[in-house]
Amino acid sequence: MESRYRRYAFLLVQLVLYLTFLSFDIRNTGVGISTGVKFAVVVLCFLYVITSNNTKSKDYIYLCLAITFTVISDCLILYTEYYLYGVITFTAAQQLHGIRLDILREREEGNPINRSRTLALRLLSQIVLGTVVYAMLMLAGVGNDGLLAVSILYFISLCFNVIRSIMLCFHGKSRDIRLFAWGMVLFLLCDINVGIFNLSGFINVGPVYEVLYGISSISMWLFYAPSQVLIVLSGDSN
1 MESRYRRYAF LLVQLVLYLT FLSFDIRNTG VGISTGVKFA VVVLCFLYVI
51 TSNNTKSKDY IYLCLAITFT VISDCLILYT EYYLYGVITF TAAQQLHGIR
101 LDILREREEG NPINRSRTLA LRLLSQIVLG TVVYAMLMLA GVGNDGLLAV
151 SILYFISLCF NVIRSIMLCF HGKSRDIRLF AWGMVLFLLC DINVGIFNLS
201 GFINVGPVYE VLYGISSISM WLFYAPSQVL IVLSGDSN
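The end of the sequence shown is residue 238 by this note's numbering, with every number in the run present.
1) Indicate whether the contact test is met: 3 or more Cβ pairs, each with one atom in the stretch 178 to 192 and one in the stretch 212 to 231, closer than 8 angstroms.
2) So, are the CB atoms of Ser52 and Gln94 less than 7 angstroms apart?
3) Taking Cβ positions, are Thr68 and Leu153 nearer each other than 7 angstroms?
4) Given a cut-off of 7 angstroms, decide if Val43 and Val240 are closer than it, judged by their beta-carbon atoms.
5) What does the alpha-carbon distance come out to for the pair Arg115 and Ile103?
6) If you draw a straight line from the C-alpha of Leu147 to the C-alpha of Met220, how long is it?
7) Taking only runs of the alpha helix (DSSP H) that begin and end inside the stretch 17 to 103, which ones reach a length of at least 4 residues, in chain order?
8) Quick check: the Cα distance between Leu96 and Leu119, rounded to an integer number of angstroms?
9) Starting from the C-beta of Phe24, find all residues in its chain whose C-beta is less than 8 angstroms away, skip the five residues before and the five after it, and write them out in chain order.
10) Give the DSSP-derived three-state secondary structure of Pro112 in the structure shown.
11) Taking Leu78 as the reference, give the member of Asp59, Tyr224, Phe39, Phe160 with the closest Cα.
12) Work out the CA separation of Leu199 and Cys190 for me, nearest whole Å.
13) Is Ser174 helix, strand or coil by DSSP?
14) State the Cα-Cα distance for the pair Leu101 and Arg164, rounded to the nearest angstrom.
15) Is Gly195 helix, strand or coil by DSSP?
16) Which of the three DSSP states is assigned to Val211 in this structure?
17) Would you please state the rounded distance, in angstroms, between the beta carbons of Leu188 and Cys159? I believe it to be under 8 angstroms.
18) Which term fits Phe155, buried or exposed, when burial requires 16 or more other beta carbons within 10 angstroms of its beta carbon?
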């Protein structure tokens, strides 16, 4: 009962924060306040995770680590210009989410897997795929910098987790996996809008981009905040 009230309180505060920064973003005012509220959303997710009584679970430990890296990433991206390091720590968070998915897969399928080998193969396939995409973009004259390379690897890591979490939903009916899958889908929608938001930095865009820019500037956190809430709630015991 206590954990239920704790969850309701968490959701209520998150809803207030969510509506607050959206109201600022839609009216295009109070950028500094909106940024602070957005960061508060992520910090609250972090606090909710580390104060849980479910910390003995192996998958929960990786969830805590992933959310920790997420807070670091958002701090770097929201308050500094160290975007490269922010994307690197986001990539680390996705790899930790991937390890958690391995543990959840073991639980659902009942078959132990070699996590170290699975992680190594997954990383290798992501790096190879990322290198191919990066080379194609270079040939197309899109750009050539470290931030783009790391962003590609990060996005591929996220796509891997989205696909794997959705597929895992078909292996079991566990609520935590469904919540995690929905969180990952919203995470992906957020980053698609991040890509649209930063598109002008890599290619020439037409007049229609101004409309897309305005929509994506709001849609990023429209999807991102609930994605983090769902991912955090997926760590609650069934």
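Cβ coordinates follow ideal geometry from the N, Cα and C atoms, glycine included.
Everything numeric in this text was worked out from a predicted model, so none of it was measured.
Let me spell this out:
1) Of all C-beta pairs linking the stretch 178 to 192 to the stretch 212 to 231, three or more are shorter than 8 angstroms, placing the two stretches in contact.
2) Between Ser52 and Gln94, the CB-CB gap reaches or exceeds 7 angstroms.
3) No, these two residues do not count as a Cβ contact at 7 angstroms.
4) Coverage of the chain is limited to positions 1 through 238, which leaves residue 240 absent and any answer about it impossible.
5) When only Cα atoms are considered, Arg115 and Ile103 end up about 8 angstroms apart.
6) Linking Leu147 to Met220 through their CA atoms gives a straight-line distance of about 19 angstroms.
7) Correct list: 31 to 50, 58 to 79.
8) So the alpha carbons of these two residues sit roughly 10 angstroms apart.
9) Excluding the 5 residues flanking it on each side, Phe24 has same chain C-beta neighbours closer than 8 angstroms at Gly30, Val31, Ile33, Ser34, Val37, in chain order.
10) Of the three classes helix, strand and coil, the one that applies to Pro112 here is coil, per DSSP.
11) For the residues Asp59, Tyr224, Phe39, Phe160, the minimum Cα distance to Leu78 belongs to Phe39.
12) Each residue's CA atom was taken as its position, placing Cys190 and Leu199 some 14 angstroms apart.
13) Residue state for Ser174 is assigned as coil, using DSSP reduced to three classes.
14) Each residue's Cα considered, the two are about 8 angstroms apart.
15) For Gly195, the three-state secondary structure derived from DSSP is helix.
16) The answer is helix: DSSP assigns Val211 an H, G or I state.
17) Taking C-beta atoms under 8 angstroms as the contact rule, Leu188 and Cys159 qualify, at a distance of about 7 angstroms.
18) Classification of Phe155: buried, given that the 10 Å Cβ count is 16 or more.
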